[in-house]
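Q: First, the structure itself, so that you have it in front of you.
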């Protein structure tokens, strides 16, 4: 390769490597654990589902919403599951565990004035109603720690949350 093409090519290659991945958020701070929440009837979805912005519901196995909601195959992730109905009425689900704290007993909550999720311990805030789980402020933003997201689906007219 002629010298006049070699240096711009090397510089171009270096810039591609430098900028590819420098601004990525980390969704994998929370350990992978099974998530399986089934709304076994439309009545259960009516009672425990989310229907319009800014509805949200928390699921913690055998505790929230209640013991009778769950079955033997139910699993609610590492620290529980947050289900929200976003701005465009899309359904999103996240692990309740703060990715900074990484402790299943330190759970995010929703600020009903700003519609952001926040950690009561580290004070980080997260976007949950846009469907990203991205950090907005605090230590989570400094380190680019996102909330772990889960899939919300529908099969045969019944909703489920899984990973």
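Residue numbers (this note's numbering): 83 to 245.
Note that CB positions come from ideal geometry on N, CA and C, so glycine has one too.
1) Express the C-alpha separation of residue 179 and residue 229 in angstroms, rounding to a whole number.
2) On a Cα-Cα basis, can you pick out the residue from 108, 120, 165 and 157 that is closest to residue 210?
3) Beta carbon of residue 197: closer than 7 Å to some heavy atom of the ligand MN?
4) Could you pull the start and end residues of the alpha helix (DSSP H) that residue 129 belongs to?
5) When the distance is taken between beta carbons, is residue 189 closer than 8 Å to residue 156?
6) Determine the DSSP secondary structure at residue 199, reduced to helix, strand or coil.
7) With a floor of 3 residues, list each beta strand (DSSP E) that falls wholly inside the segment 106 to 179, ordered by position along the chain.
8) Can you tell me whether DSSP reads residue 189 as helix, strand or coil?
9) Shortest alpha-carbon distance to residue 111 belongs to which of 231, 131, 244 and 125?
10) What whole-angstrom Cβ distance do residue 182 and residue 204 have, given they're in contact under 8 Å?
11) Please report the distance separating the alpha-carbon of residue 103 from that of residue 135.
12) Find out if the Cβ-Cβ distance for the pair residue 243, residue 163 is shorter than 8 Å.
13) Starting from residue 244, trace the beta strand (DSSP E) in both directions and tell me its first and last residue.
14) Just curious, the beta strand (DSSP E) that residue 181 is in, first and last residue?
A: In brief:
1) Answer to the nearest angstrom: the Cα atoms are 8 Å apart.
2) Nearest option by C-alpha distance: 165.
3) Among the components modelled here there is no ligand, and therefore nothing to report on the ligand MN.
4) For residue 129, the enclosing alpha helix (DSSP H) stretches over residues 124 to 130.
5) No, the pair does not count as a contact, with Cβ atoms beyond the cut-off.
6) Look at residue 199 here: in three-state DSSP terms it is strand.
7) Within the segment 106 to 179, the complete beta strand (DSSP E) runs of at least 3 residues are 117 to 120, 138 to 141, 163 to 167 and 173 to 177.
8) Assignment of residue 189 by DSSP, reduced to helix, strand and coil, places it in the strand class.
9) Closest by alpha carbon: 231.
10) For a cut-off of 8 Å, the C-beta gap from residue 182 to residue 204 is around 5 Å, short enough to register as a contact.
11) A caution first: residue 103 carries a pLDDT of 49, below 50, which makes its placement in the model unreliable, though a value can still be read off. Annotation: residue 103 to residue 135 spans about 32 Å, alpha carbon to alpha carbon.
12) Yes, they are a contact pair.
13) From DSSP, the beta strand (DSSP E) with residue 244 extends over 240 to 244.
14) Here residue 181 belongs to no beta strand (DSSP E), and DSSP marks it neither H nor E.
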